[in-house]
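Visitor: Numbering of the sequence shown is given in the working numbering, commencing with residue 5 and proceeding in unit increments. Note that the Cβ used here is the ideal one computed from N, Cα and C, for glycine as well. Here the structure is a predicted model, which is why all the values come from computation and not from measurement. Before I ask anything, here is the structure I am working with.
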Amino acid sequence: MLEGDEVSRLLDILGNRNRRRIIQLLRQKPCFVTEISERLVLSPKAVIEHLQLMEREQLLISCQDERRRKYYYLSHDINVIVNLQKQDGVTLPSVEENQRTRFTRHLEVFRRMVRARDELLDNLEQLEREIESRFGEVMRMRGGFVNDDGDLEIILALSHADLVFAELEEVSSLSTDELKQRLGNLMHMGVVERINDRYRIRGTHGE
Numbered sequence: 005m006l007e008g009d010e011v012s013r014l015l016d017i018l019g020n021r022n023r024r025r026i027i028q029l030l031r032q033k034p035c036f037v038t039e040i041s042e043r044l045v046l047s048p049k050a051v052i053e054h055l056q057l058m059e060r061e062q063l064l065i066s067c068q069d070e071r072r073r074k075y076y077y078l079s080h081d082i083n084v085i086v087n088l089q090k091q092d093g094v095t096l097p098s099v100e101e102n103q104r105t106r107f108t109r110h111l112e113v114f115r116r117m118v119r120a121r122d123e124l125l126d127n128l129e130q131l132e133r134e135i136e137s138r139f140g141e142v143m144r145m146r147g148g149f150v151n152d153d154g155d156l157e158i159i160l161a162l163s164h165a166d167l168v169f170a171e172l173e174e175v176s177s178l179s180t181d182e183l184k185q186r187l188g189n190l191m192h193m194g195v196v197e198r199i200n201d202r203y204r205i206r207g208t209h210g211e
């Protein structure tokens with residue numbers, strides 16, 4: 005049985021929707037970073053941050069295979085049970101009128117904030133559905149431009165941010181030489197371009 009502080013930390017972790025999505029994915033099978041990134045359409049950097057946080061809290065365990073890929077899997081299954089009990093006969097304490105006014109004012113602000121948060125979450129879910137749909141289109145149209153999952157791994161990382169080579173190497177499961185070769189091929193195909201020291205998806209910047 006978890007103690008109060010442990011429950012609070014666990015609820016903080018599960019309060020993030022993407023961490024819940026990662027946990028749900030790892031319930032199916034162990035996964036490595038780029039696999040999670042591709043399945044959930046998240047940046048590898050964001051995935052790594054979520055995984056490291058959950059590993060520190062001992063919710064996940066990791067191991068490496070012969071290709072240096074770090075696999076993550078659940079160390080414990082997580083079940084959260086919320087028990088709501090109605091209380092009858094509760095008598096509200098009497099309060100001064102100015103205290104009641106302050107309370108209702110704070111309550112009104114709280115209500116507006118909750119509704120604004122819910123609206124943002126609804127918009128975010130809609131955007132994520134549209135992202136997943138567009139990613140499906142990319143997968144269907146990739147023939148002739150993207151050779152295999154290695155190329156797709158690079159493109160997905162660059163879809164989230166323009167990266168220098170060292171940053172790409174950090175979030176990639178590819179060796180240094182293979183990463184250089186694939187970047188060269190993608191630039192030759194006109195899919196990726198290099199501006200100064202940063203690589204980015206070509207033709208998506210309004211130039």
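Quick check on the burial criterion: 16 or more other C-beta atoms within 10 angstroms. Buried or exposed for Thr-38?
Guide: Position 34 of the sequence shown, counted from the start, is the residue given in the question as residue 38. Its Cβ being crowded by 16 or more others within 10 Å, Thr-38 is buried.
Visitor: Rounded to the nearest angstrom, what separates Val-142 and Ile-27 at their Cα positions?
Guide: If you number the sequence shown from 1, residue 142 lands on position 138. If you number the sequence shown from 1, residue 27 lands on position 23. Whole-angstrom Cα-Cα distance: 26 Å.
Visitor: DSSP beta-bridge partners for Leu-64?
Guide: Mapped onto the sequence shown, residue 64 falls at position 60. DSSP lists Leu-78 as partners of Leu-64.
Visitor: Please report the distance separating the alpha-carbon of Arg-43 from that of Asn-127.
Guide: Numbered from its first residue, the sequence shown carries residue 43 at position 39. Numbered from its first residue, the sequence shown carries residue 127 at position 123. Roughly 21 Å separates the two Cα atoms.
Visitor: Using the Cβ count rule (16 or more neighbours within 10 Å means buried), how would you classify Glu-211?
Guide: In the sequence shown, residue 211 corresponds to position 207, counting from 1. Because the pLDDT of Glu-211 is 43, which lies under 50, any placement of that residue in the model is unreliable, and the question is left without a value.
Visitor: Please specify which runs of the alpha helix (DSSP H), each continuous and at least 4 residues long, are wholly inside the segment 173-200, giving them in chain order.
Guide: Taking only runs of at least 4 residues, the alpha helix (DSSP H) segments lying wholly in the segment 173-200 are 180-192.
Visitor: Measuring alpha carbon to alpha carbon, tell me which of Arg-31, Ile-40, Pro-48, Lys-49 ends up nearest Leu-63.
Guide: For the purposes of this step, residue 63 is identified with residue 59 of the sequence shown, where counting begins at 1. That would be Arg-31, whose Cα lies nearest to the Cα of Leu-63.
Visitor: Using 9 Å as the threshold, is the C-beta distance between Ala-170 and Ser-41 below it?
Guide: Sequence index remark: in the sequence shown, residue 170 carries index 166 (1-based). Sequence index remark: in the sequence shown, residue 41 carries index 37 (1-based). For Ala-170 and Ser-41, no; Cβs fall outside 9 Å.
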